[in-house]
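S.K.: Chains as they are written, first to last, in the UniProt record's numbering: chain A, 1 to 744; chain B, 1 to 294.
All C-beta atoms, glycine included, are put in the ideal place defined by N, C-alpha and C.
It should be emphasised that the depicted structure is a prediction, and the values quoted were computed from it without experimental measurement.
(1) Where does residue 420 of chain A sit, in a helix, a strand or coil, going by DSSP?
(2) CB-CB under 6 Å to residue 665 of chain A, same chain, minus the five flanking residues each way: which ones, in chain order?
(3) DSSP state of residue 91 of chain B, grouped into three classes?
(4) With a 10 Å radius around its C-beta and 16 neighbouring C-beta atoms as the bar for buried, classify residue 98 of chain A as buried or exposed.
(5) I'd like to know if the region 136-154 of chain B and the region 96-107 of chain B are in contact, where contact means that at least 3 CB-CB pairs between them fall below 8 Å.
(6) Please list the residues of the region 186-198 of chain B that have a C-beta atom closer than 8 Å to any C-beta atom in chain A, keeping them in chain order.
(7) So, is the C-beta of residue 649 of chain A closer than 8 Å to a C-beta in chain B?
(8) Which of helix, strand or coil does DSSP assign to residue 393 of chain A?
(9) Applying the criterion that 16 or more other CB atoms from any shown protein chain within 10 Å of the CB defines a buried residue, is residue 393 of chain A buried or exposed?
(10) Out of B:107, B:119, B:131, B:105, point me to the one whose CA is closest to residue 262 of chain B's CA.
(11) Give every residue of the same chain whose Cβ lies closer than 8 Å to the Cβ of residue 575 of chain A, excluding the five residues on either side of it in the sequence, and list them in chain order.
(12) Count the other C-beta atoms from every protein chain shown that fall within 10 angstroms of the C-beta of residue 41 of chain A, then say buried if there are 16 or more, exposed otherwise.
(13) State buried or exposed for residue 130 of chain A, treating a residue as buried only when at least 16 other CB atoms are found within 10 Å of its CB.
(14) Examine chain A for any beta-carbon lying closer than 8 Å to the beta-carbon of residue 284 of chain B, and answer yes or no.
(15) I want to see whether chain A comes within less than 8 Å of residue 230 of chain B, judged by CB atoms only; does it?
(16) Can you name the residues of chain A whose CB is closer than 7 Å to the CB of residue 174 of chain B?
(17) Could you please tell me which residues of the region 536-558 of chain A, in chain order, have their CB closer than 9 Å to any CB of chain B?
(18) What is the C-beta distance between residue 239 of chain B and residue 254 of chain B, in whole angstroms, given that I count them as a contact (C-beta under 8 Å)?
(19) Would you kindly work out how many angstroms separate the C-alpha atoms of residue 215 of chain A and residue 585 of chain A, rounded to a whole number?
(20) Under DSSP, the beta strand (DSSP E) around residue 128 of chain B begins and ends at which residues?
(21) According to DSSP, simplified to helix, strand and coil, what is residue 141 of chain B?
(22) Give me the chain B residues within the contact set of residue 492 of chain A, using Cβ-Cβ distance strictly less than 7 Å, ordered along the chain.
(23) Report back the beta-carbon spacing between residue 308 of chain A and residue 590 of chain A to the nearest angstrom; my notes put them in contact at under 8 Å.
(24) Leaving aside the five residues before and after residue 332 of chain A along the sequence, list all residues of the same chain whose C-beta is less than 7 Å from its C-beta, in chain order.
(25) I need the boundaries of the alpha helix (DSSP H) containing residue 563 of chain A, first residue and last residue.
(26) Three-state secondary structure (DSSP) at residue 188 of chain A?
(27) Note down the Cα distance separating residue 476 of chain A from residue 674 of chain A, rounded to an integer number of angstroms.
(28) Specify whether the region 428-440 of chain A and the region 396-410 of chain A touch according to this definition: at least 3 beta carbon pairs, one from each stretch, less than 8 Å apart.
(29) Cutting at 8 Å between CB atoms, please list the residues of its own chain near residue 604 of chain A, excluding the five before and the five after it.
(30) If you follow the beta strand (DSSP E) that residue 65 of chain A is part of, which residue opens it and which one closes it?
(31) For residue 266 of chain B versus residue 52 of chain B, is the C-beta spacing smaller than 8 Å?
(32) Quick one: grab the DSSP three-state call for residue 660 of chain A.
(33) Can you check whether the C-beta of residue 278 of chain B is within less than 8 Å of a C-beta belonging to chain A?
(34) On a CA-only basis, which of A:82, A:135, A:417, A:581 is nearest residue 655 of chain A? Give me that one, please.
(35) Who are the Cβ neighbours of residue 171 of chain B in its own chain at under 6 Å, not counting the five residues just before and after it?
(36) Checking 8 Å against the spacing of the C-beta atoms, do residue 593 of chain A and residue 463 of chain A come in under that value?
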């Protein structure tokens, strides 16, 4: 179901009603994908709570969102930094315990501190926010007005909030989850919204790429560390000794500095951390530095290999041992040991050490996991390249690993999205047994979207982005004609998606040679998405301006890019979406091949099934951008002959499938244009507003239904038929994840 | 039972065909297009079957709509300004060459525009009208504001003014009409009615500025789109209290256009000019001897 049809609010209202009804007031953790989506969910929650208040409910309720420092910092200088890492490190320079310790004895102003953080620290620990729902902007404003740091305030308030809305990385990525979500009670209700891509988030949170520059930077950092240690040896020998003895006694850092900020979190899942003392050979700081140096040198040698290597972590570790005599166990402790050292050395400007931290995390990951991971060394960027640019990928192939702790810890997990189809695949991918699997219908007052499948051009040549034919002149020209024809008839904004940047570049170049772009410019301005985020947001801004002032614009973008995931093209910003070809992943990618193989061997998912599933969910995401709410309307054009095949179509979300009639499955360009014209005319007619704001469900209806249900239930019980429980009851009794999709 | 029919003589068939074609049937009722083209009119597009395959629902809803429209029109007691100053803006861009309205967008538009002008002066005898065009990125005024329908119709019929070319410029069109309406007395309404076939506009500046100027001058802009809903048109009409419609087919086009014939309700009743002397020349006594030309 497209957003704007009330997915989020139905889910929230149901859970909040449940939560407030029972005395234990189970906390709701609502995870969404991007910051704008978090903002939207918070706004929905606020409306919901306002409505509840209007209905006469007096509740003590706190709903907050959490995001990174970059989005929340109100410090006049630090908050202005552009990059997340800079903000983080700037913040740490002002708030680290040893800096605050150092500032204590001195005159105020001598050591720079963050006033907002100080105010929060000095305030009573019970200092809390008045109840209500705070969007991220509200949080910032409130923090600024009251002189408290919004970031730390919201982290502190996590324990008290009834509803927490944040990104799913805070639960899935072990590096962040350890810091943020450790304290969450077991009975929290966890919701993953927009979860159609959750398996990729899971694998990415445990994957890592090492490149030459990272190795070089970390070698420099190691040098820096060694120098710092030498300094410390001369000035303050005892400190190092203290650390050493602490490590010997095996006291864990976390337990000691629980309240403090963690500077570098362990990249592996909490269950897999060894509860042991750090091994002897890296306990001494200088030994550890030497150890790191050796490991980095080893990685550098590996990078010099000129052919592709794919190996399991076990064989990698064996090789490490053979060459450098580094054992597996100290490698596992690398991340932890480094974070302890950073603390002891009281380092500031941590972003200089980010590469080294990455290497340490890599070591820990590779030494911890044997199964479900693969190391791939690619010496060249592409097959044609001759200049080596080696990348060492450590890829997690198993999405179940990262999400398993979530299922284990929380009793109610709800996975939901507008485009979660086919639903049978998700339990296998994520490794869980769904308690309830439900797909909901939606009502639309008019058919406000029209999916059209174009299988051939006006000249009857079949079109496809299949690798063999995608560069055929006929196909390229037909794709261009589709764009041109639609640019003529679609008002304002038109968005096109291509399977990859590479293909987009080549086809746009060919269109230019054919003179099609010149023709296109008569009707619309052309904007292109690039891998650069800043460039793309500039293009988007101008695209919107062109849609607003009547010039009209075409946005050429890529199915897996930023535009396809996070940007909405509501109303005039997108009257039509054209999907040129099926957005398959780059199938020659070694990482993908490894993952497919793993899925085949372990989850019994055939390669082709997974590829199609993945392509169609991205396709659905792309075309779903066009429709944002009931008053909106838009065309969805699938331009590839393969889309008309049943196996592709059946993997689209049900609400799109429902709109696909037999008549629009196998169209040529001119037929599709005629249908689109008619659709656009019809949709431009005034919308019958009498249908808005009318509730199909009222109190009487619900009571009637309840009675009916009770009657049915009694009868079934009498006949010994098992009574099926709804979602609500499952939230109370069910002990396991709930998978649901709200579709039309 | 199978009573053998006598074979139909070939001449009969021919005669029948001749009969069909005979008379004035060659031309369509409105004088446009030939009768053999008529059957390609997709009249069934207007009717949509419901789930049961019946047309009853569709017919009922059309009737309902008509009723609602009539009710809406009749029930409101509004003050309407009977002295109107309207500029009729016609898109003359190459988008008007399209054949989706019969015989073409341009022909259809110009024919309807003529009918509109006649009807307009019939129903608004005290009002004035002017015509502007936009093509090749500029706007041209083909007639000034005046109360003579033949003048406008002649201008529209002139061959030069029937050649679509280049891109339209909505901003230029509105600006030209706005400056031309600038001097009209405040007791009359100022309106611009645009028939717009294109989906883009090629503007020299920011059209949003033009909207605010139009609002300042209390000019009402109504637009009729010929192919699809364009956001900027909707915005302009909404901001200036005009109406915006997109045509479905030729009769609908006519309906939409003729909705603009009766004067629209006044936005605010102007208290200072409720009574206006007109139709009687004022007598003026000059102190000095004046030459009189007529």
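M.R.: Taking the structure as given:
(1) In the three-state reduction of the DSSP assignment, residue 420 of chain A falls in the coil class.
(2) By the criterion of a C-beta distance shorter than 6 Å, residue 665 of chain A is surrounded in its chain by 453, 644, once the five residues flanking it on both sides are discounted.
(3) Residue 91 of chain B falls in the strand class under three-state DSSP.
(4) Here residue 98 of chain A is exposed. Its C-beta has fewer than 16 other C-beta atoms within 10 Å.
(5) These segments do not touch.
(6) So nothing in the stretch comes that close.
(7) Taking CB atoms only, residue 649 of chain A has no neighbour in chain B less than 8 Å away.
(8) Strand.
(9) Classification of residue 393 of chain A: buried, given that the 10 Å Cβ count is 16 or more.
(10) Comparing Cα-Cα distances from residue 262 of chain B to each of B:107, B:119, B:131, B:105, the minimum goes to B:119.
(11) Same-chain partners within the cutoff: 490, 491, 492, 493, 494, 626, 633, 634, 635, 680.
(12) So residue 41 of chain A counts as buried.
(13) By the neighbour-count definition (other C-beta atoms within 10 Å, threshold 16), residue 130 of chain A is an exposed residue.
(14) No - not a single Cβ of chain A is within 8 Å of the one on residue 284 of chain B.
(15) Yes, contact with chain A.
(16) Near residue 174 of chain B there are no residues of chain A at all, since even the closest Cβ is about 11 Å away, more than 7 Å.
(17) Residues 547, 548, 549, 550, 551, 552.
(18) That pair is no contact at about 27 Å.
(19) Going from the Cα of residue 215 of chain A to the Cα of residue 585 of chain A covers about 29 Å.
(20) Where residue 128 of chain B is concerned, the enclosing beta strand (DSSP E) stretches over 128-135.
(21) It is a strand residue.
(22) Result: 230, 231.
(23) Right, the Cβ-Cβ distance comes to about 7 Å (below 8 Å), so this counts as a contact.
(24) Taking residue 332 of chain A as the centre and dropping the five residues before and after it, the same chain places the C-beta of 274, 364, 367, 368 closer than 7 Å to its C-beta, in chain order.
(25) Counted as a single uninterrupted DSSP element, the alpha helix (DSSP H) harbouring residue 563 of chain A occupies residues 562-566.
(26) When secondary structure is reduced to three states using DSSP, residue 188 of chain A falls in the coil class, being assigned neither helix nor strand.
(27) Put simply, the backbone Cα of residue 476 of chain A is about 21 Å away from that of residue 674 of chain A.
(28) Enough Cβ pairs lie closer than 8 Å, so yes.
(29) Within the same chain, 428 come within 8 Å of residue 604 of chain A by CB-CB distance, once the 5 residues on both sides are set aside.
(30) Note, residue 65 of chain A: beta strand (DSSP E), 62-66.
(31) No, these two residues do not count as a Cβ contact at 8 Å.
(32) The answer is coil: DSSP assigns residue 660 of chain A none of H, G, I, E or B.
(33) Judged by the 8 Å Cβ criterion, residue 278 of chain B is not in contact with chain A.
(34) Taking each of A:82, A:135, A:417, A:581 in turn and checking the Cα distance to residue 655 of chain A, the smallest one comes out for A:417.
(35) Sequence-distant Cβ neighbours of residue 171 of chain B in its own chain, meaning closer than 6 Å and more than five residues away, are 203, 207, 210.
(36) No, Cβ-Cβ distance for residue 593 of chain A and residue 463 of chain A is not below 8 Å.
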